[in-house]
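Here is the structure we will look at, set down as structure tokens.
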Amino acid sequence: MLTHRTIGYLALVGAIAGYGGLWPVTRKAIETIPPFWFASLRMWAGVLILLTVLYFTRRLRLPSRHDFPLILSIGILMLAFYTTLMHIALVYVEAGRAALLGYTTPLWVMPAAYLLFGEKPSGRKLIGMIIAMIGLVILFSPGAFDWSDGDVVLGNALLMVCALLWSVTIIHIRAYRPVLTPIQLAPFQLMISASFIGMLALIFEPLPNIGGWDATEWGMYAYGGTFGTALAMMSVTTCVRYLPTVLSTVGLLGAPVFALILSVVFLDEALTIDLTSGLVLIIGGIALVSVPDRRPAD
358 MLTHRTIGYL
368 ALVGAIAGYG
378 GLWPVTRKAI
388 ETIPPFWFAS
398 LRMWAGVLIL
408 LTVLYFTRRL
418 RLPSRHDFPL
428 ILSIGILMLA
438 FYTTLMHIAL
448 VYVEAGRAAL
458 LGYTTPLWVM
468 PAAYLLFGEK
478 PSGRKLIGMI
488 IAMIGLVILF
498 SPGAFDWSDG
508 DVVLGNALLM
518 VCALLWSVTI
528 IHIRAYRPVL
538 TPIQLAPFQL
548 MISASFIGML
558 ALIFEPLPNI
568 GGWDATEWGM
578 YAYGGTFGTA
588 LAMMSVTTCV
598 RYLPTVLSTV
608 GLLGAPVFAL
618 ILSVVFLDEA
628 LTIDLTSGLV
638 LIIGGIALVS
648 VPDRRPAD
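In terms of this note's numbering, the sequence shown opens at residue 358 and continues consecutively.
Printed below as a string of structure tokens:
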């Protein structure tokens with residue numbers, strides 16, 4: 358029988374594979390599938406999978422009114438707006454760089470926590486933030502990408518907005534005490550996001566030619582709905598529950614690293630000195646920011 362620690366490690370691998378692989382898969386998928394349709398359809402697939410899992414494990418519950426603010430916050434900001442901007446950005450930005458910028462959320466949570474809750478960061482966290490910011494400066498150096506290309510600049514700016522949106526939601530999560538567990542709330546949050554993005558797809562995009570999809574397109578959709586949505590959400594919830602906070606928080610930084618590796622191997626993205634240096638500094642800085650401070654012994 359598997360121990361809780363083993364289950365936590367397996368879930369961490371699942372989260373890294375799910376979210377890390379989602380970036381390059383989405384980057385490739387939106388070349389032939391309308392971006393908003395791809396996002397909405399994969400989320401609806403995730404909803405069905407999560408509802409099925411919860412039903413057969415007898416944990417399916419309708420949320421109470423108390424949980425509505427958190428459902429709306431995560432469903433609209435963390436999922437709907439984030440995913441919409443992410444899919445637009447991936448039209449202009451390489452998947453590896455996009456995943457790295459999208460995972461800078463811990464950097465923005467720290468100043469937000471200071472301003473909203475008066476949480477004063479430790480010296481180590483300040484050092485970590487400075488290191489990560491240096492990494493961002495390297496990524497946004499004049500030689501890192503074409504500043505004269507408005508689309509590229511827009512794509513990178515949207516990814517920074519994505520990270521800020523996640524930060525706002527994380528602050529809300531920290532301050533809220535829901536009745537249901539995160540995995541029980543996930544299907545309802547995904548429903549909101551899938552519906553919102555679906556409306557955007559109906560307004561701005563042509564109907565997808567699902568009947569004309571080839572094996573590759575069906576494979577990308579299957580990955581997005583299963584591994585990139587349902588499994589990723591269940592895995593994150595599980596690893597956070599069964600692993601120490603330090604291990605789960607820092608371990609999830611493997612997602613952008615995995616995304617970058619896949620992008621270099623399968624999408625022929627260039628692993629430049631700027632990108633490599635920025636990766637090392639940002640991941641290292643976020644790790645320092647994410648690790649909780651030691652509590653003094655009583």
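Every residue, glycine too, gets a C-beta built ideally from N, C-alpha and C.
The model shown is predicted, which means the values in this text are computed figures rather than measured ones.
Asked                                                                                                                      : Found
Where F545 falls, given that 16 or more other Cβ within 10 Å makes a residue buried                                        : buried
Cβ pair I639, T461 closer than 8 Å                                                                                         : yes
Collapsed DSSP secondary structure at G641 in the structure displayed                                                      : helix
Three-state secondary structure (DSSP) of E574                                                                             : helix
Test item: CB-CB of P392 and I445 under 8 Å                                                                                : yes
Identity of the residue in S634, L645, S647 and V648 nearest G492 by Cα                                                    : S634
Start-end ranges of the beta strand (DSSP E) lying completely within the segment 477-537, minimum 3 residues               : none
C-alpha distance - F584 paired with G507, whole-angstrom precision                                                         : 33 Å
Helix, strand or coil at Y460 according to DSSP, with G and I counted as helix                                             : coil
Residue from G453, V621 and V466 whose Cα sits closest to the Cα of P613                                                   : G453
Three-way DSSP call (helix, strand, coil) for P381 in this model                                                           : helix
Residue range of the unbroken alpha helix (DSSP H) whose run includes H423                                                 : Careful: H423 lies outside any alpha helix (DSSP H) and carries neither H nor E.
Proximity winner among A489, I540 and L472, relative to C596 (alpha-carbon distances)                                      : I540
Residue closest to L632, alpha-carbon to alpha-carbon, out of L457, I390 and G568                                          : L457
Coil, strand or helix - A558 by DSSP                                                                                       : helix
Nonlocal neighbours in the same chain, by C-beta distance under 7 Å from W523, ignoring five residues either side          : M435, Y439 and T462
DSSP-derived helix/strand/coil call for P468                                                                               : helix
Reduced DSSP secondary structure (H/G/I, E/B, other) of Y449                                                               : coil
Span separating the alpha-carbon of Y366 from that of S592                                                                 : 10 Å
C-beta contact flag for T383 and G581 at 8 Å                                                                               : yes
Whole-angstrom C-beta distance between L537 and R418, which should lie under 8 Å                                           : 6 Å
Simplified DSSP state of I567, which is helix, strand or coil                                                              : helix
Sequence-distant residues of its chain with Cβ nearer than 6 Å to F553 (five each side left out)                           : A437
Cβ separation of W575 and L521, assumed to be a contact under 8 Å, to the nearest whole Å                                  : Not quite, the Cβ-Cβ distance comes to about 34 Å (not below 8 Å), so this is no contact.
Close Cβ partners of A470 (< 6 Å) along its chain, the five nearest in sequence each way excluded                          : E476
Own chain partners of S620 with C-beta closer than 6 Å, once the 5 adjacent residues on each side are dropped              : P381, A452, G453 and E626
Chain-order list of residues whose beta-carbon lies under 6 Å from that of M548 (same chain, five-residue window excluded) : V404
Beta-carbon spacing of P565, W394 below 8 Å                                                                                : yes
Cβ separation of G569 and S397, assumed to be a contact under 8 Å, to the nearest whole Å                                  : Not a contact, Cβ separation roughly 18 Å.
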